[in-house]
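Enquirer: Start counting the sequence shown at 5; every next residue gets the next number (this note's numbering).
For each residue, glycine too, the CB sits at the ideal point set by N, CA and C.
Predicted, not measured: the structure shown is a model, and the values here were computed from it.
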Amino acid sequence: MSFIDIRLNQINKAILPIIIVISLISFVFGAIGLILNLFVFTRASLRREPCSLYFFSSTLFNLFVILVVIPVRIVSEGYSIDIGNYNLTICEIEFFAFYVARTIPCWLIVLACVDRYVNSSIKARIRQISSYKTARLAIGITIITIIILHIHMPVYYEISYMSDQFGNITPACFGQKGIYRTFIAFWAMVSYSLCPSFLMLFFGFLTLKNLHQHRQVLPRTTQINQTTRRVNIQLSRMLAAQVLVIVIATLPFSIYRLYASFTVSLPKSTLRIAEENLAFKIANVFTYFAHSTSSYLYTLTGTVFRKELFKIIRLLWYPNQTMVTTTGLKMQQMSILPSNRQITVANNNGT
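Next comes the structure, spelled out in structure tokens:
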């Protein structure tokens, strides 16, 4: 057996364990963390915050990625079982839904960055833009816009026959050959990774600039405003951590798609095809961390999130203790209130 054959065999054997391990880690920890996100961002202390609504909405789409996209991709890429490779309708719907579901959370985080920038402005008129009503409207417009901008995928996707890592000709769901395949590679890079990442970093920089102006211009405010400002700073830290992970996790995938579109017409050896296939699948499963790690990033960087999370865990772990505490508080409040007999005696003494 030649060196090339040995190398080819090693690469092909490495693909399945890598996909399974990384995908399962993202699936298990992502599902737990995202469900906790839903509980935390509906707590009273965070419920009415516009930034929390962006986080909450992003969590819903990330749950779709974790609970639907990852299992399908494990079966498809790990075991080469994908109905979409043989049925055109499923091919078009699958890629359209998966692209949209993975793109929307990134843009919702962009909106959260914009909200932090607006909220940190020293001008009251600009700060008023940051509101729960504005957040709901922005989320709806963003979701509809992304769906419309991806509507070309069901039209131009097709089943193509390509060489796999073993050199066999197999069907696969891809964009039409030629200009569109190059376009979809650019589109994936711009819409999913490059443009959202740039905007996140851009508005993050502007937010830091606003916070610096706050320290120089605004005097110390009331305790209530200080508490609100502290919550806003915590949300900004949580957002910064999320942005960093999204940038790191999505850029390799987009870079590979761009590379693949430029080299699609080049003749390639079986070894090169296997190496590129391994690189693509690693970059693809690595993007799952952009959708599965938010809860853990928020816990590490946000005190307000961490406190609410511990309250929920305590409530789930010691439900009886919580009931006893609540009952005790009610009894204490009732004992403080004067009875009708006490009120009558006090009135008689007064007369």
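#1: Considering only the beta carbon of each residue, do Cys199 and Cys95 sit closer than 8 Å?
#2: With which residues is Ala176 paired in a DSSP beta bridge?
#3: Does the beta-carbon of Ala128 have 16 or more other beta-carbons within 10 angstroms, so that it is buried, or is it exposed?
#4: Report yes if the CB atom of Gln246 is closer than 8 Å to the CB atom of Leu313, and no otherwise.
#5: By the 10 Å Cβ neighbour count, where 16 or more other Cβ atoms means buried, how is Asp9 classified, buried or exposed?
#6: Can you determine whether any heavy atom of the ligand FAD sits closer than 7 Å to the C-beta of Phe209, and answer yes or no?
#7: So, helix, strand or coil for Arg52, using DSSP?
#8: If I measure Cβ to Cβ from Ala35 and keep anything under 7 Å in the same chain, skipping five residues before and after, which residues do I get?
#9: Does DSSP put Asn16 in a helix, a strand or coil?
#10: Leaving aside the five residues before and after Arg52 along the sequence, list all residues of the same chain whose C-beta is less than 8 Å from its C-beta, in chain order.
#11: Quick check: what's the CA-CA separation for Leu40 versus Thr267?
#12: Anyone know if the C-beta pair for Ala283 and Tyr260 falls short of 8 Å?
#13: Are Ile173 and Tyr161 touching if we call contact CB-CB under 8 Å?
#14: Would DSSP call Lys181 helix, strand or coil?
#15: At the level of alpha carbons, what is the spacing between Gly179 and Ile250?
Expert: Concretely, from the data shown:
#1: Mapped onto the sequence shown, residue 199 falls at position 195. Mapped onto the sequence shown, residue 95 falls at position 91. No.
#2: Sequence index remark: in the sequence shown, residue 176 carries index 172 (1-based). BP columns for Ala176 point to Ser164.
#3: Position 124 of the sequence shown holds residue 128. With fewer than 16 other Cβ atoms within 10 Å, it is exposed.
#4: Here residue 246 refers to the residue found at position 242 when the sequence shown is read from its first residue. Here residue 313 refers to the residue found at position 309 when the sequence shown is read from its first residue. No, the Cβ-Cβ distance between Gln246 and Leu313 is not below 8 Å.
#5: Sequence index remark: in the sequence shown, residue 9 carries index 5 (1-based). Asp9 counts as exposed, since fewer than 16 other C-beta atoms from the protein chains shown sit within 10 angstroms of its C-beta.
#6: By its list of ligands, the structure shown contains no ligand whatsoever, and the ligand FAD lies outside what it can speak to.
#7: To locate residue 52, count along the sequence shown from 1; it is residue 48. If DSSP states are grouped into helix, strand and coil, Arg52 belongs with coil.
#8: Here residue 35 refers to the residue found at position 31 of the sequence shown. Excluding sequence positions up to five before and after Ala35, its CB lies within less than 7 Å of the CB of Ile70, Leu71, all in the same chain and listed in chain order.
#9: Sequence index remark: in the sequence shown, residue 16 carries index 12 (1-based). Helix, per DSSP.
#10: On the sequence shown, position 48 is the one that residue 52 refers to. The answer, listed in chain order, is Tyr136.
#11: Along the sequence shown, one-based indexing puts residue 40 at 36. Along the sequence shown, one-based indexing puts residue 267 at 263. Distance between the alpha carbons of Leu40 and Thr267: 43 Å.
#12: As a first step, residue 283 must be located in the sequence shown, where it is residue number 279. As a first step, residue 260 must be located in the sequence shown, where it is residue number 256. Yes, the Cβ-Cβ distance between Ala283 and Tyr260 is below 8 Å.
#13: Taking the sequence shown and counting its residues from 1, one reaches residue 173 at position 169. Taking the sequence shown and counting its residues from 1, one reaches residue 161 at position 157. No, they are not a contact pair.
#14: Along the sequence shown, read from residue 1 onward, the residue named residue 181 stands at position 177. It is coil, neither helix nor strand.
#15: Counting from one through the sequence shown, the residue named residue 179 turns up at place 175. Counting from one through the sequence shown, the residue named residue 250 turns up at place 246. Distance between the alpha carbons of Gly179 and Ile250: 25 Å.
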